[in-house]
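In full-length UniProt numbering, the protein residues as written are 1 to 249. A short write-up of the structure that comes next.
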C-alpha cells in the first residue's frame, strides 16, 4: 500500500494492543517533501474496549510510540475512535489529512466509512486551522532559518486556499503547486529539503515574507467566498458510527 516507501508495516500494525481502524503516513512524506533522513510519521485511530471507557481506569484515548524499525525512525500516534471523531468535528484539518492520506499502512471498512463522512464535517472555519498553523510555522522559520518550517508555512496556506475553493483536502505540496498560484521558487526549496531534514536557506527573507503575507490575504479572500457551510452536518451520522463500531468491537 505504501509502494514508494518500500516498507512492510504489517508487523507494526499487528503489535498494537487494540484494533486499529486505520493507520496512514503523515508528515513530510504525505506533504511531498521528505528528506533522506526524515522519520516516518504514522497516524490513525484505535478501538478501545467498552470496559476501558466505563470502568474506573483512565482510558488510553491517545497512544504514542516511537522506535526504530528497518533502520528508520518512526512514531505511531493513534486516538480512540470517539476522540478521533470529536477532533474531526472541531475543524481540525490535521486529522482529516491523516484520515485521507493516500499512504495507507492499514485500512478497514470503518476507515472507508469515515472517509465517506468527511464532506459533512468540512466548513469555512477550517481556514482558521490552516491560518493558525501557518503563523506558528512562520515564527519557527524566523527563529531557526530552517527549510522545514518554511515549507510547512507554504503548504498549510496552500492547503487552506485549495480547501476553501474546492472543498477538497489536499496536503501534498507538489500537487498544490499545480492547483494554486504559488511562488516559483518552491520546487527549488523542496529539492533542497530532500537533501537534509534540517537544512537552511539563503533565500531573501523580505521576498519570502511578502509571499507569505500575500497567501494569507488569498486565504482570507478564499474563505470569504467559500461555498463551504458554517457548521458540520455529519454530527448525527458520526455519533451513530461511533456507537455501532463500539458495539461491534
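Think of the CB as a built atom: it goes at the ideal place given N, C-alpha and C, for glycine as much as any other residue.
C-alpha distance - residue i paired with residue j, whole-angstrom precision
i, j, result
"residue 2", "residue 201", "Low confidence applies here, because residue 2 scores a pLDDT of 44, under 50, leaving its location unreliable; read the following figure in that light. The alpha-carbon atoms of residue 2 and residue 201 are separated by roughly 30 Å."
"residue 4", "residue 103", "Only weak support is given to the placement of residue 4: the predicted model assigns it a pLDDT of 49, under 50, and the question is left unresolved by the model."
"residue 159", "residue 10", "30 Å"
"residue 89", "residue 113", "15 Å"
"residue 8", "residue 96", "24 Å"
"residue 25", "residue 43", "6 Å"
"residue 63", "residue 241", "21 Å"
"residue 15", "residue 61", "17 Å"
"residue 82", "residue 191", "39 Å"
"residue 174", "residue 157", "13 Å"
"residue 32", "residue 148", "12 Å"
"residue 154", "residue 212", "7 Å"
"residue 118", "residue 100", "9 Å"
"residue 230", "residue 222", "14 Å"
"residue 209", "residue 183", "11 Å"
"residue 214", "residue 177", "15 Å"
"residue 87", "residue 235", "12 Å"
"residue 206", "residue 73", "35 Å"
"residue 249", "residue 162", "37 Å"
Bridge-paired residues (DSSP) for residue i
i, result
"residue 64", "77"
"residue 202", "BP columns for residue 202 are empty, so no partner."
"residue 72", "69"
"residue 23", "44 and 106"
Where residue i falls, given that 16 or more other Cβ within 10 Å makes a residue buried
i, result
"residue 70", "exposed"
"residue 244", "exposed"
"residue 110", "buried"
"residue 12", "buried"
"residue 124", "buried"
"residue 105", "buried"
"residue 78", "buried"
"residue 198", "exposed"
"residue 232", "buried"
"residue 53", "exposed"
"residue 132", "exposed"
"residue 143", "exposed"
"residue 55", "exposed"
"residue 28", "buried"
"residue 181", "exposed"
"residue 51", "exposed"
"residue 171", "buried"
"residue 216", "buried"
Residue i at chain C interface by Cβ criterion, 8 Å
i, result
"residue 87", "The chain labelled as chain C is not found in the depicted structure, where only one protein chain is given."
Please give me, in chain order, every unbroken run of the alpha helix (DSSP H) with length at least 4 that falls completely inside the segment 123-192.
List check, alpha helix (DSSP H) in window: 126-144, 147-166 and 173-176.
Curious, which full-length alpha helix (DSSP H) runs of at least 4 residues does the segment 28-57 contain?
Counting whole runs of 4 or more residues, the segment 28-57 contains the alpha helix (DSSP H) stretches 50-54.
How do the segment 165-178 and the segment 222-236 stand: do at least 3 beta-carbon pairs fall below 8 Å, yes or no?
Verdict: yes, contact present.
Below 8 Å, how does it come out for the segment 134-149 and the segment 55-71: are there three or more Cβ pairs, yes or no?
Taking 8 Å as the limit for Cβ pairs, the verdict is that the segment 55-71 does not touch the segment 134-149.
May I ask you to verify whether the segment 115-132 touches the segment 32-49, counting CB pairs closer than 8 Å and requiring at least 3?
Too few Cβ pairs lie closer than 8 Å, so no.
Is the segment 46-57 close to the segment 15-23, with three or more CB pairs under 8 Å?
Contact between the segment 46-57 and the segment 15-23 is present, because at least three Cβ pairs lie under 8 Å.
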